[in-house]
Amino acid sequence: MNHGFARIAAVSLRVRLGNVAENEAEILAAMKRLENQDVQAAVFPELCLTGYTLGDLLQHPLVQSRAFQAMERIAKATKAMAVVIGLPLSVNGRLYNCAAVLQGGKVQGIVPKTYLAEGLEYYESRWFVSGAGVSGSVPVSEGEAPFAPGLLFDMGNFAFAVEICQDLWAPAPPSGAYAVAGAEIILNLSASNALVGKQDYRQQLLAQQSGRLYAGYAYASSGFGESTSDLVFCGYTGIYENGQPLAEGERFSLDGGQAIADVDVERLRYLRQRNISFFQSKDERPAPLLRITMEPSGVPALPLRRKLEPLPFVPGGPDASRRFWEITQIQAMGLATRLTAISCQNLVIGVSGGLDSTLALLIAVRTFDLLGLNRKGIHAVTMPGMGTGKRTKTNADALMDALGVSRREIPIEKAVMQHFADIGQDPDTHDVTYENSQARERTQILMDIANMQNGIVLGTGDMSELALGFCTYNGDHMSMYNVNSSVPKTLVKELVRYLAESVFGGPVRQVCADILDTPISPELLPVQAGELNQRTEAILGDYALHDFFLYHMLRGGCNPSKLRLLACQAFDGIYDADKIDSQLSTFLRKFFTQQFKRNCVPDGPKVGSIGLSPRGDLRMPSDMSFEMWLEG
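First residue of the sequence shown: 1, per the numbering used here; consecutive thereafter.
Quick look at the structure:
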């Protein structure tokens with residue numbers, strides 16, 4: 001007698017992207033382990049047979065047929081335990097993102113995804129159609145399997161239903177209707193990427209939905225092995241009951257994770273019976289609400305009665321360290337996945353002694369440690385030139401020594417001067433050609449060393465520089481993977497501080513303290529009297545303001561006048577209105593004119609709610625007119 005409990009598992013396996021046979025083998029092996037633990041129902045991630053990030057290949061008939069064949073083989077291997085797996089399925093010429101429910105040696109039913117993920121980094125309607133309103137069957141080897149979004153699976157002592165990833169994030173998730181119809185447990189197949197802060201929201205969403213439905217809720221998301229061209233998937237697994245987490249698996253695991261828990265179905269039924277309004281709910285989607293028009297109440301007086309963080313990208317409060325850990329873990333996992341996917345054990349990075357290259361180098365070391373690789377496979381190169389300062393050069397050398405990476409110094413002045421002679425550039429003319437030639441020479445050196453070492457070049461540029469175009473096209477703008485691609489400058493500093501103090505310590509902490517205290521500079525103009533002749537924030541303005549504008553324009557859709565209003569309140573007593581106006585004009589002009597650089601950026605992981613990748617968050621033309629932005 002089990003006293004009304006149901007043992008449920010949520011499993012995230014290491015996916016072999018595009019290798020259906022290996023994914024099938026992983027699922028079958030996991031099934032045996034779960035059966036030995038008396039699991040009654042197990043859910044695996046969205047599109048786990050193919051991998052979620054396969055892109056346009058999801059539409060290829062070969063991929064679809066192999067996935068269908070694997071589903072049928074897995075179905076034949078099932079016994080009493082119900083197994084729920086994800087695959088792309090073509091029905092009547094339409095491609096659906098599906099969950100197949102397998103048990104008792106056959107396909108019991110197939111559930112298509114209702115709400116497709118769209119916007120920012122997601123564009124599922126490129127491949128799939130929604131399963132809303134679909135009802136029919138699919139031919140399988142045993143006959144016909146029911147095909148519809150609202151299937152209820154009765155296991156005798158409990159009943160469950162299935163929804164897929166974005167279904168949960170919709171205003172009216174299908175699971176609400178399923179619960180009213182009798183589903184005590186909801187199984188969710190997901191492919192939800194990792195972003196700083198997103199895990200908290202995801203946990204809240206799962207807890208709230210399980211509480212709202214008086215249900216058990218098992219959630220399995222994809223993880224290691226999915227493409228990290230722009231995103232990282234953390235492989236979160238969790239089981240919730242009536243608003244409380246029962247079990248959670250390890251995130252960012254190279255081998256996948258799982259959560260197993262006993263859901264008290266009997267208690268859930270009791271709670272539903274006590275809440276009469278639960279069964280008064282209709283089990284169909286509600287009609288649109290009646291709109292009531294009211295008189296406007298006027299404009300609220302300033303200042304706004306809300307707190308505005310001047311550094312919106314930088315986590316604060318008691319959870320700051322945990323957020324810093326998560327961000328750096330996303331960066332390291334993204335790089336680890338890329339290195340693993342291409343069987344690479346050598347990394348080449350240019351180290352200047354500045355903040356960006358320091359962060360990238362620290363992440364590289366953390367990644368190599370995670371993968372169990374020798375740090376000597378990190379080939380750190382200093383390339384002093386005409387503008388290199390003694391302080392940054394000393395710090396770069398000290399940092400490389402403290403981290404125990406391979407160190408190399410290649411001065412570029414002679415090569416750049418030869419290049420000037422070749423193209424007819426006057427070395428006394430310190431123009432854009434003078435500066436960009438140095439950046440491109442450094443990139444050429446790094447790329448060639450990467451070829452020699454059979455490795456890849458790790459980019460160091462940050463999101464703030466990319467937003468403003470403060471990088472040399474095909475110079476420091478280019479690499480083979482960039483872990484800083486979605487990290488703004490204001491956050492870079494705090495991540496370096498966190499890693500130096502909380503992760504590395506010792507000599508690394510000491511040298512990073514001086515790096516943090518060094519003015520930001522591209523170091524491309526000649527040093528004068530031993531002092532830097534360029535300070536970035538004297539040229540562009542303060543990064544605190546630029547990052548503030550970037551955040552609120554892209555995250556909140558603010559127009560220029562609203563950006564000014566918010567900035568004046570957030571930076572009250574720090575910057576006057578004239579300073580804010582001037583820098584806002586600089587930001588807008590540079591942001592819109594530099595899209596051509598962003599349209600060809602290297603791969604790199606998204607870590608927060610904002611990204612500039614043209615493959616994900618920001619798709620805009622390079623040649624648009626932006627006068628109205630300067631006027632607004």
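Ideal placement from N, C-alpha and C gives every residue a C-beta, glycine not left out.
Comparing alpha carbon positions, the residue from Ile-185, Gly-18 and Asp-476 closest to Asp-154 is Ile-185.
Excluding sequence positions up to five before and after Arg-338, its CB lies within less than 6 Å of the CB of Thr-228 and Tyr-481, all in the same chain and listed in chain order. Here Val-232 has Asn-193, Ala-194, Ile-330, Met-333, Gly-334 and Pro-605 as same chain residues with Cβ atoms under 7 Å from its own Cβ, once five neighbours each way along the sequence are excluded. Residue nearest to Thr-50 within the set Glu-24, Arg-73 and Gly-4 is Glu-24 (criterion: CA-CA distance). Per the coordinates, the alpha-carbon of Gly-156 lies some 58 Å from the alpha-carbon of Asn-454.
Per DSSP, reduced to three states, the secondary structure at Asp-576 is coil, with no helix or strand assignment. Secondary structure note for His-379: its beta strand (DSSP E) is the uninterrupted segment 378-382. Looking only at Lys-106, Lys-32, Tyr-96 and Glu-631, the smallest Cα-Cα distance to Gly-133 is reached by Tyr-96.
The continuous stretches of beta strand (DSSP E) do not include Thr-472, and DSSP gives it neither H nor E. For Leu-403, the uninterrupted alpha helix (DSSP H) segment begins and ends at 390-403. Here the stretch 460-480 lies against the stretch 436-443, with 3 or more beta-carbon pairs under 8 Å apart.
Per the coordinates, the alpha-carbon of Leu-399 lies some 34 Å from the alpha-carbon of Arg-14. Taking each of Gly-350, Thr-367 and Pro-173 in turn and checking the Cα distance to Pro-411, the smallest one comes out for Gly-350. Beta-bridge pairing by DSSP links Ser-190 to Ser-221. Nearest C-alpha to Gly-235 among Arg-73, Ile-539, Arg-251 and Arg-212: Arg-251. Secondary structure of Leu-466 (DSSP, three-state): helix. Taking Val-196 as reference, the option from Leu-495, Gln-595, Asp-542 and Phe-504 with the minimal CA-CA separation is Leu-495. No Cβ-Cβ contact shorter than 8 Å links Thr-382 with Glu-413. Comparing alpha-carbon positions, the option among Arg-509, Val-503, Phe-587 and Asn-36 lying closest to Asp-542 turns out to be Phe-587. Arg-442 and Thr-518 have their C-alpha atoms spaced approximately 22 Å apart.
Annotated as proximal: Leu-347 and Leu-458, with beta-carbon spacing under 8 Å. Leu-28 is the residue among Phe-44, Gln-40 and Leu-28 whose C-alpha sits nearest the C-alpha of Lys-76. Following the DSSP letters along the chain, one finds Cys-558 in no alpha helix (DSSP H), marked with neither H nor E. Each residue's CA atom was taken as its position, placing Pro-488 and Glu-465 some 8 Å apart. If you look at Cys-98, you'll find it in the beta strand (DSSP E) that goes 94-103. One Cα belongs to Ala-500, the other to Ala-360, and the distance between them is close to 13 Å. Under the 8 Å Cβ criterion, the stretch 253-270 does not count as touching the stretch 79-89, having fewer than three qualifying pairs. In the DSSP annotation of this structure, the continuous segment of the beta strand (DSSP E) that includes Gln-258 starts and ends at 257-264. Cα atoms of Gly-556 and Leu-563: separation of roughly 10 Å, rounded to the nearest angstrom. Taking all protein chains in view, the Cβ of Ser-277 is surrounded by fewer than 16 other Cβ atoms within 10 Å, so the residue is classified as exposed. A direct Cα-to-Cα measurement between Pro-318 and Phe-68 gives close to 48 Å.
With fewer than 16 other CB atoms across the displayed protein chains lying within 10 angstroms of its CB, Thr-394 is exposed. Distance between Ser-486 and Ala-181, taken at the CA atoms: about 44 Å.
His-3 counts as exposed, since fewer than 16 other beta carbons sit within 10 angstroms of its beta carbon. In the three-state reduction of the DSSP assignment, Asp-154 falls in the strand class, which pools E and B.
Between the stretch 614-628 and the stretch 566-578 there are fewer than three C-beta pairs closer than 8 Å, too few to call the two in contact.
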